[in-house]
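Contents: one structure, followed by commentary.
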């Protein structure tokens with residue numbers, strides 16, 4: 152199944168690996184920030200009545 | 021606005037005015053380079069134009085946050101904003117004062133340092149020409165950066181980060197003129213491009229800086 | 006007190022974003038994963054570059070996004086000045102980190118892709134260099150947002166920086182081109198950091214189809230992230246306003 | 459009518475602060491603004507002086523008539539007293555600084571650099587700067603900070619002569635200046651922070 156990447160396997164895989172890590176990291180940070188801000192806002196809105 | 025210019029110049033020359041700051045830094049950079057890259061004249065003369073331009077640019081960068089910071093702290097900016105004088109003129113005068121106290125001395129000192137870095141003889145006239153044309157743009161762009169960060173405590177580092185990319189065109193064209201001049205090639209295109217950039221910047225940025233100051237003075 | 010929160014623009018945006026987000030995220034995931042798998046597993050190697058051509062599926066979309074996100078921020082900054090609606094300023098603030106990451110991906114994949122051909126990791130090729138400069142603009146923009154406390158001043162100053170920065174980015178693009186004629190003149194897919202536009206004419210269709218899917222994937226990813234991140238910014242501002250109001254009364 | 463303020467509302471930090479502020483200051487009159495610290499005196503004065511756009515309402519006065527002075531008085535410590543005054547005179551288009559020097563009995567100090575002045579002397583120089591602007595309407599924010607009793611009296615005399623000369627003054631201060639002028643407590647105009655007055659953060663509230 153794994154395509155024969157030939158002698159450039161390291162190059163291609165490192166490019167894909169690095170990019171995927173960066174994208175996943177960005178998404179994860181964005182989701183975490185969204186959750187944090189939602190929680191903080193809900194707490195404030197509760198005691199705001 | 022001569023009043024502001026005259027006052028800033030007297031302030032700069034008075035004790036602690038920081039007049040020699042940029043010049044001293046430029047000297048240090050130029051002197052340290054041979055220690056860093058080795059004393060061979062062949063190498064030095066090849067990179068001399070670029071190093072001198074880089075040193076002049078960094079020296080300008082160094083003295084930017086003094087442009088508005090002092091007047092911001094002691095309330096002068098507030099009072100100037102309510103005075104019958106347009107803020108655009110204030111920004112232009114500040115940029116001119118910065119150029120006269122930093123940009124111009126650097127341009128005059130550059131040939132002396134060129135000798136230290138064994139700049140080829142035909143390079144001197146183009147070094148001075150490019151600096152004369154480029155440093156005003158550095159001052160005006162720097163004034164814009166100073167206005168952006170005037171309200172920020174310890175905004176010096178941020179000021180450099182904001183201004184650095186804005187300096188790229190002037191640096192590339194300016195250093196290119198100096199380098200080609202040193203190698204005796206024709207300099208017309210980079211010179212034309214550089215003066216285009218400088219003139220556009222000097223014409224437009226003071227208005228933007230004034231807008232930024234108004235936002236900061238709110 | 007009939008707070009106008011329900012009708013205010015931010016609230017409408019929040020509701021819109023909450024409904025759209027799941028669908029856009031799904032579409033983004035499908036396009037992105039599908040496109041990458043298609044490109045990675047099911048396309049032949051290039052006769053000259055071998056398998057490194059597969060990096061095109063990351064490099065070109067990321068490069069495209071890096072430029073278009075800055076353009077989106079420019080439009081948002083203009084909108085902020087014209088309509089003075091918080092969504093524009095906050096959307097620009099939310100977009101900047103995404104653009105910065107896309108620029109890093111473009112730089113990284115461009116350098117890695119070029120390495121076999123040039124024997125070094127970094128080459129001062131005009132396109133790669135202008136992405137480096139674009140990255141500096143992104144950093145400056147994000148840093149300015151962080152440095153200013155007053156949200157209204159921050160919105161105004163960052164919008165001005167974006168406008169001025171855009172002019173200088175274009176200027177730098179030509180200056181960099183002038184400064185280094187570029188290592189590969191005219192080599193089609195080989196040219197590192199080729200912008201999809203002109204790559205398309207010379208890229209044979211076996212590569213083009215998955216490339217378009219990846220570009221769509223990156224685009225949808227951006228839309229999903231911008232919806233989520235802008236809502237986050239709105240919530241943060243609302244929380245700050247509520248707290249300020251408590252302090253006041 | 460030297461200065462008229464109608465239905466002015468101002469915001470600070472994105473939240474409405476004062477609303478419906480209205481008062482008039484006739485030529486030759488002074489108005490003292492009272493109010494606890496943080497009640498918006500500075501924000502109000504800055505809006506009237508034109509440094510800050512009010513969220514609504516109007517300030518009516520002659521063009522270029524207001525001379526604004528806050529706590530920080532825009533003095534350069536490396537310049538001498540006369541250089542400081544000459545600079546501000548030039549900025550406002552006048553050139554005779556001698557009345558200002560006498561008015562605040564700074565004649566003897568005129569060549570002394572500002573850093574060598576005492577706090578009181580610096581404040582006197584700051585106020586002398588007002589005289590030099592030649593503007594009819596003085597808008598002053600806590601002008602008598604760090605002035606001891608004798609100089610407060612001198613400040614009051616200068617204001618009196620300014621009023622006698624047809625000028626007017628709007629002064630925010632806590633202490634009694636000994637000038638007969640109406641006082642206005644601005645906490646009357648304090649607004650409920652949730653009021654919808656087009657303040658910056660309103661869209662989020």
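Residue numbers (this note's numbering), protein chains in the order written: chain W, 152 to 200; chain F, 21 to 238; chain H, 6 to 254; chain P, 459 to 663.
Glycine included, each C-beta is placed from N, C-alpha and C at the ideal position.
Using the rule of at least 16 other Cβ atoms within 10 Å of the residue's Cβ for burial, across every protein chain shown, is residue 566 (chain P) buried or exposed? exposed
Within its chain, find whatever has a CB closer than 7 Å to the CB of residue 160 (chain H); leave out the 5 residues flanking it on each side and keep chain order. 85 and 94
Just the C-alpha distance for residue 190 (chain F) and residue 153 (chain F), rounded to the nearest angstrom, thanks. 9 Å
Within 8 Å of chain P by C-beta, residues of the stretch 139-172 of chain H in sequence order: 155, 156 and 157
Return the chain-ordered list of same chain residues with a C-beta closer than 8 Å to the C-beta of residue 50 (chain F), the five sequence neighbours on each side being excluded. 71, 72, 75, 133, 136 and 137
Return the CA-CA distance between residue 31 (chain H) and residue 243 (chain H), expressed in angstroms with no decimal places. 28 Å
Which of the three DSSP states, helix, strand or coil, is assigned to residue 94 (chain F)? coil
I'd like to know whether the C-beta atoms of residue 181 (chain F) and residue 144 (chain H) end up nearer to each other than 8 Å. Taking 8 Å as the cut-off, the beta carbon of residue 181 (chain F) is found closer than this to the beta carbon of residue 144 (chain H).
Can you check whether the C-beta of residue 253 (chain H) is within less than 8 Å of a C-beta belonging to chain P? Yes - at least one Cβ of chain P is within 8 Å of the one on residue 253 (chain H).
Which two residues bound the contiguous beta strand (DSSP E) that contains residue 627 (chain P)? 626-630
Under a Cβ-count criterion, where at least 16 other Cβ atoms within 10 Å of its own Cβ denotes burial, should residue 591 (chain P) be classed as buried or exposed? buried
Along the stretch 542-555 of chain P, where does the CB come closer than 7 Å to a CB of chain F? Name the residues. 545, 548, 549, 550 and 551
Please determine, among F:90, F:120, F:100 and F:119, the residue with the shortest C-alpha to C-alpha distance to residue 549 (chain P). Measuring from the Cα of residue 549 (chain P), the nearest candidate turns out to be F:100.
In the DSSP output, what is residue 519 (chain P) paired with across the bridge? P:461
Identify whether residue 114 (chain F) lies in helix, strand or coil by the three-state DSSP scheme. helix
At what residue ranges does the stretch 576-637 of chain P contain a whole run of the alpha helix (DSSP H), taking only runs of 4 or more? 577-591 and 607-622, all fully within the stretch 576-637 of chain P.
Could you tell me which uninterrupted beta strand (DSSP E) segments, each at least 3 residues in length, are contained entirely in the stretch 141-210 of chain F, listed from first to last along the chain? none
On a Cα-Cα basis, can you pick out the residue from F:21, F:146 and F:187 that is closest to residue 212 (chain F)? F:146
Provide the residue(s) that pair with residue 20 (chain H) in DSSP beta bridges, ordered along the chain. Answer is none; residue 20 (chain H) lacks a bridge partner.
Going along the stretch 155-175 of chain W in order, which residues come within less than 9 Å of chain H, judged by CB to CB distance? 155, 156, 157, 158, 159, 160, 162, 163, 165, 166, 167, 169, 170, 171, 173 and 174
Where residue 192 (chain H) sits in the DSSP three-state scheme: Reliability of the predicted coordinates at residue 192 (chain H) is poor, the pLDDT of 35 falling under 50, and no value is obtained from them.
What residues in the stretch 152-184 of chain F have a beta carbon less than 8 Å from any beta carbon of chain H? If the cut-off is 8 Å between Cβ atoms, the stretch 152-184 of chain F has 164, 168, 169, 171, 172, 175, 178, 181, 182 and 184 near chain H.
Identify whether residue 84 (chain F) lies in helix, strand or coil by the three-state DSSP scheme. coil
With a floor of 4 residues, list each alpha helix (DSSP H) that falls wholly inside the stretch 47-93 of chain H, ordered by position along the chain. Runs of the alpha helix (DSSP H) inside the stretch 47-93 of chain H: 61-88.
What I want to know is whether the C-beta of residue 58 (chain F) ends up closer than 7 Å to one or more non-hydrogen atoms of the ligand MG. Here there are no bound small molecules, and the ligand MG is not part of this structure.
Can you find the residues in the same chain that come closer than 6 Å, C-beta to C-beta, to residue 6 (chain H), ignoring five residues on each side of it along the sequence? The pLDDT assigned to residue 6 (chain H) is 40, lower than 50, so where the model puts this residue is not dependable; a value taken from the coordinates is nonetheless given after this. No residues qualify anywhere along the chain.
Can you tell me which of the three DSSP states residue 640 (chain P) falls into? strand
Using a 10 Å radius around the Cβ and a threshold of 16 neighbouring Cβ atoms, would you call residue 28 (chain H) buried or exposed? exposed
If we define contact as Cβ-Cβ less than 8 Å, is residue 176 (chain H) a contact residue for chain F? The Cβ of residue 176 (chain H) sits closer than 8 Å to at least one Cβ of chain F.
Residue 469 (chain P) by DSSP, collapsed to three states: which one? strand
What residues from chain P crowd round residue 95 (chain F), counting only those whose CB sits closer than 8 Å? Simply 528, 529, 530, 531 and 532.
Would the stretch 485-505 of chain P count as touching the stretch 629-649 of chain P if we require 3 or more Cβ pairs under 8 Å? yes
Residues near residue 173 (chain F) by beta carbon distance below 7 Å, same chain, minus five either side: Excluding sequence neighbours, residue 173 (chain F) sits near nothing in its chain.
Can you have a look at residue 629 (chain P) and say buried or exposed, based on whether 16 or more other CB atoms are within 10 angstroms of its CB? Buried, by the Cβ-count rule.
Is there at least one Cβ from chain P nearer than 8 Å to residue 88 (chain H)'s Cβ? No, residue 88 (chain H) does not count as interfacial toward chain P.
Status (buried if at least 16 other CB within 10 Å, exposed otherwise) for residue 558 (chain P): buried
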